[in-house]
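Report on one structure; see the data block that follows.
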Amino acid sequence: MLSIRDLHVYYGGIKALQGINIDVNEGEVVALVGANGAGKTTTLRSIFRLTPIVKGDIFFYEINLTKVPTHRVASLGIAHVPEGRRVFPNMTVRENLEMGAFLIKDKNIIKNNLDFVYSLFPRLKEREKQLAGTLSGGEQQMLAIGRALMSNARLLLLDEPSMGLAPLLVQEIFSVLKKINEEKRTLLLVEQNANMAFSIAHRVYVMETGKIVLSGTTQEVANNEAVKKAYLGG
């Protein structure tokens, strides 16, 4: 579904990504873990053509995204849930969700998507007329995920969905992400909370200073002693 090949991204003299290779198969949850500054967010931003790619290719099915302008990437079936939620604070919950469906013309599809989002996040239904800027951090994260789902995307890119949330909310968010995957959506997940990421991921890539240093099934990576010590509290 998604194939990143020999991707290099530089910011001035900083080599943010140094020849990374990542594959995401349809129906999977793939986690990308690593410390701050490892290049995880840059990887997601590169898929959406928001970073200067020096070398490499990113294929979504047969389409090379490095040759596609940013505004067209969303129309191909990819949605981005950015770090920090980035909801529209002066718009209502309902208006934020409808913004996620701006490329969809069929009102029945929009209604079905809205019903699906509200089934996952009943609190958004309760607050649909409330301004997004007045929501709690957890509710804003729900809204950001819901907005991405409104687009009918086949691939969701999620950047630190647990950031700044209380442990119970983190559990709730990850339970919903698992349900989303069970509905045949593919997830590429960037997450510092490795324990939570490992709880729903099928495969894991570990990043350090712009490079992939380890990859494999979740069980294989979780059994690595260095990973246990650095990320899993072992």
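In full-length UniProt numbering, the protein residues as written are 1 to 234. Cβ coordinates follow ideal geometry from the N, Cα and C atoms, glycine included. Here the structure is a predicted model, which means the values were calculated and not measured.
Hey, could you find the ends of the alpha helix (DSSP H) S199 is sitting in? Taken as a continuous stretch (DSSP letters only), the alpha helix (DSSP H) holding S199 covers A194 to I200.
Any idea which residues DSSP pairs K15 with across the strands? DSSP, once it has assigned bridges, lists Y10 as partnering K15.
Got a sec: does the ligand ZN put a non-hydrogen atom nearer than 7 Å to the Cβ of G37? No copy of the ligand ZN appears in this structure; indeed no ligand is present at all.
I think N21 touches I212, with their Cβ atoms under 8 Å apart; what is that distance to the nearest whole Å? In this structure N21 touches I212 by the C-beta definition: roughly 7 Å separates them, less than 8 Å.
Between L214 and N223, how many whole angstroms is the CB-CB distance? I'm expecting something under 8 Å. Contact doesn't hold; Cβ gap of about 11 Å is too wide.
Determine whether the beta carbon atoms of E208 and A101 lie at a separation below 8 Å. Cβ distance not < 8 Å, so E208 and A101 don't count as in contact.
Looking at V93: is its Cβ nearer than 8 Å to the Cβ of E62? With contacts defined as CB atoms closer than 8 Å, V93 and E62 fail to qualify as a contacting pair.
Coarse secondary structure for R45, derived from DSSP in three states: Helix at R45.
Leaving out five residues before and five after G138 in sequence, what residues of the same chain have Cβ atoms less than 8 Å from its Cβ? Once the five neighbours on either side are set aside, the close Cβ partners of G138 are L165, A166, L169, E172 and I173.
L76 beta carbon less than 8 Å from that of L157: Contact: no.
State the beta-bridge partners of Y205 as determined by DSSP. Bridge pairing for Y205: L32 and S215 [DSSP].
In terms of residue numbering, what span does the beta strand (DSSP E) encompassing D106 cover? Bounds of any beta strand (DSSP E) do not take in D106, whose DSSP letter is neither H nor E.
Could you check whether the region 143 to 156 touches the region 178 to 187, counting it as contact only if at least three pairs of C-beta atoms, one from each stretch, sit closer than 8 Å? Contact holds: three or more Cβ-Cβ distances are below 8 Å.
Going by the beta-carbon positions, is the gap between K40 and H8 smaller than 8 Å? Not in contact: K40 and H8 (Cβ atoms no closer than 8 Å).
If you drop the 5 nearest sequence neighbours on each side, which residues of the same chain put their C-beta closer than 6 Å to that of D6? Around D6: G19 and G56.
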